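Residue numbers 481 to 748, in the numbering used here, belong to the letters of the sequence shown in order.
Have a look at the structure below, then the notes.
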Amino acid sequence: FLSNPLIIADFGTSHGANSVYAIKLIINCLCEKNKLYREPLIIHNDLPTNDWKKVFQLLIDDNSYKAVVSGHSFCEQCLPDNSLSIGYSSTSIHWLSKKPCNISNHCVSLFATGDELIAFQSQVRMDYMSFLENRSHELIPGDILILALPSLNGQEQCGNQNAKDLLYKCAEAELHNNPINFYEQLEIGEITLGKFAQSRTELIRSWCEPILKTALEINEQHSKELVNRILNQYWIIYQSKIKEKTDEYNYLNYTYLILKKELKDFIQ
């Protein structure tokens with residue numbers, strides 16, 4: 481088996497910038513621990529509708545490891561049995577395989593209530609079980625799956641619910657009209673309120689804007705200029721809201737899991 485590459489898979493690559501950074505950290509860690517016995521082959525996984533052109537260009541520009549892509553849903557088995565050494569996914573598997581229902585009072589499932597909330601919770605449970613089951617088939621016994629999952633705190637808040645609620649309010653208005661330590665730096669006076677608001681906005685905008693932009697572009701009535709104007713207006717409002725209620729923007733909740741496939745599952 482030593483002649484085969486070491487397979488590392490990134491599930492939910494999206495635009496690729498965060499994924500490439502994380503994969504390089506994993507490879508560097510293996511090198512530092514003298515655990516990289518074979519050349520790694522990275523598999524970047526996302527749906528066929530992903531913007532793969534951006535990912536390809538990023539991989540070409542970086543050129544620090546060998547990589548291929550997979551266009552399967554990560555709710556399915558994407559790799560052969562017992563072929564995967566390290567699986568990785570960050571801020572991805574909360575994306576569901578399908579929308580179980582429409583939400584009557586909002587556009588984000590975080591704000592669902594009653595039967596609508598139960599429907600989303602059931603879909604989350606099924607998709608999460610499918611994800612783990614398929615990764616368990618793919619993993620080599622004794623190897624690991626690393627997950628970073630957006631989470632809720634004791635008050636059922638995720639840390640960016642303000643941005644999502646503002647998104648709904650902006651959507652309503654448009655229809656009507658046709659560990660990140662920024663907060664700690666602010667508390668001890670290392671940065672100004674303006675800098676805190678700017679940094680927090682840039683953090684959320686880096687991953688949120690592509691999704692919002694795609695949603696706006698789907699509506700063919702929106703010109704490119706109008707889409708850009710809506711986006712800029714949204715982030716200006718978001719940054720002003722941070723300045724008004726700083727305490728509500730001081731955290732993001734994540735759960736970090738490292739799961740290891742037991743050897744006994746493989747030994748007959």
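The C-beta atom is built at its ideal place from N, Cα and C for all residues, glycine as well.
Please read all numbers here as calculations on a predicted model, not as lab measurements.
Proximity below 8 angstroms, CB of residue i to CB of residue j
i, j, result
"S553", "L527", "yes"
"A685", "I722", "Strictly speaking, residue 685 in this sequence is Arg, with Ala absent from that position. No, the pair does not count as a contact, with Cβ atoms beyond the cut-off."
"L564", "D607", "no"
"G551", "I626", "no"
"L629", "I698", "no"
"L521", "K546", "yes"
"Q825", "Q713", "Lying outside 481 to 748, the shown extent of the chain, residue 825 is not represented and no answer is given."
"P690", "H495", "yes"
Reference residue i; option with closest CA among the options
i, options, result
"C558", "T571, L629, F491 and L538", "F491"
"K578", "E705, N562 and Q601", "Q601"
"L683", "E618, N498 and A489", "N498"
"C555", "N525, L539 and S610", "S610"
"Y517", "I503, L486, K534 and F536", "L486"
"N484", "S544, S703, E519 and C511", "E519"
"F676", "D531, P621, K725 and W532", "K725"
Backbone secondary structure at residue i - three-state DSSP
i, result
"H447", "Shown here, the chain extends from 481 to 748; a query on residue 447 therefore has no answer."
"D561", "coil"
"Y736", "strand"
"S602", "helix"
"S550", "strand"
"D531", "coil"
"I717", "helix"
"T694", "helix"
"K504", "helix"
"L576", "coil"
Where residue i falls, given that 16 or more other Cβ within 10 Å makes a residue buried
i, result
"V548", "exposed"
"K741", "buried"
"T672", "exposed"
"E618", "buried"
"R615", "buried"
"C509", "exposed"
"I738", "exposed"
"A653", "With a pLDDT of 44 at A653, under the threshold of 50, the predicted position of this residue should be treated as unreliable, though the coordinate-derived value follows. Classification for A653: exposed."
"S584", "exposed"
Beta-bridge partners of residue i, as assigned by DSSP
i, result
"A628", "S570 and Y736"
"I684", "Bridge partners of I684: none, in fact."
"L486", "P520"
"L619", "L564"
"F491", "N525"
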